[in-house]
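S.K.:
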Amino acid sequence: MKILLIEDEPELQKSIEQYLEMEGNIVEISPDFHHAQEKISIYDYDCILIDITLPNGSGLDLLKEIKLKKSKAGIIIISAKHSLDDKVNGLDLGADDYLPKPFHLSELNSRIKALIRRKSFDGNLEISINEIKILPNERRVLIHNQDIILTSKEYDLLLYFISNKNRVVSKSALAEHLWGDNSDRLDNFDFIYNHVKNLRKKLLEKKCEDYLQTIYGIGYNFKTQE
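First residue of the sequence shown: 1, per UniProt numbering; consecutive thereafter.
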């Protein structure tokens, strides 16, 4: 999962980043309003965490810009402000959740997972596509009810394909989703091919249908009819 954290407190930044990365996510940081503006104008995210009070601007104004962009990202406001007006304004502007500081990192993580389930998988704790079953809370995948061992990147790749099933996904979108900002420094997308190849091989070894179609020169399509 690719997450943007818009937060200006360095210690809180670090603790959230480390915790969410240990949970297998890619976390990018924006410490102020203008940096966050640039990020949301260029990149796509699964979830955006926004503090209301930021250097050079308001998180609520960023929320408006995200909604104007028609982003599909889930949005959680994390703020030390406790007024009812801030919460109501944030939710009215399109935020999906509001978590006041201070909070436990485990609660933030649970809310992110629940939000992604609601937005991408109708809130299901279990995602089933024909013979494929995914248990997101456990980062576990079963094929024909048998466990399949995937690397962290292979798991993220499979989940991304399934959340975008029957749609063509470009190699650049996959690179950005799996590597975040670091994808800009890559010379080519050979690593995407290798991860897809390894994922497909593991799925086929478990007698899974070959849903992955290569769209030459563009990317891939996880083609399935449930």
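Think of the CB as a built atom: it goes at the ideal place given N, C-alpha and C, for glycine as much as any other residue.
All figures in this text were calculated on a predicted structure; none of them were measured in a lab.
How is Q146 classed by DSSP in three states: helix, strand or coil?
M.R.: Looking up residue 146 in the sequence shown gives position 146. Residue state, collapsed to three classes: strand.
S.K.: Per DSSP, F222 is paired with what?
M.R.: Position 222 of the sequence shown, counted from the start, is the residue given in the question as residue 222. Answer is L212, bridged to F222.
S.K.: Check R117 in the structure and name its three-state DSSP category.
M.R.: For this step, residue 117 is matched to residue 117 along the sequence shown. Here R117 sits in helix by DSSP.
S.K.: Rounded to whole angstroms, how far is the Cβ of T224 from the Cβ of N89, which I believe are closer than 8 angstroms?
M.R.: The count along the sequence shown starts at 1 and reaches residue 224 at position 224. The count along the sequence shown starts at 1 and reaches residue 89 at position 89. Going by Cβ atoms, the distance from T224 to N89 rounds to 41 angstroms, so no, they are not a contact pair.
S.K.: Give me whichever residues DSSP pairs with D97 in a beta bridge.
M.R.: Taking the first residue of the sequence shown as position 1, residue 97 is located at position 97. Partner(s): I76.
S.K.: Here's the rule: buried if 16 or more other CB atoms are within 10 angstroms of the residue's CB, otherwise exposed. What is S79?
M.R.: On the sequence shown, position 79 is the one that residue 79 refers to. Result: buried.
S.K.: Looking at L105: is its Cβ nearer than 8 angstroms to the Cβ of L49?
M.R.: The residue given as residue 105 occupies position 105 in the sequence shown. The residue given as residue 49 occupies position 49 in the sequence shown. No, they are not a contact pair.
S.K.: Is the region 210-219 close to the region 28-43, with three or more CB pairs under 8 angstroms?
M.R.: No, because fewer than three Cβ pairs between the region 210-219 and the region 28-43 fall closer than 8 angstroms, the two stretches do not touch.
S.K.: Within the 8 angstroms Cβ cut-off, does P102 reach chain D?
M.R.: Any reference to chain D falls outside this structure, which holds one protein chain only.
S.K.: Do the CB positions of I143 and K171 come within less than 8 angstroms of each other?
M.R.: Indexing the sequence shown from 1 puts residue 143 at position 143. Indexing the sequence shown from 1 puts residue 171 at position 171. Taking 8 angstroms as the Cβ cut-off, I143 and K171 do not qualify as a contacting pair.
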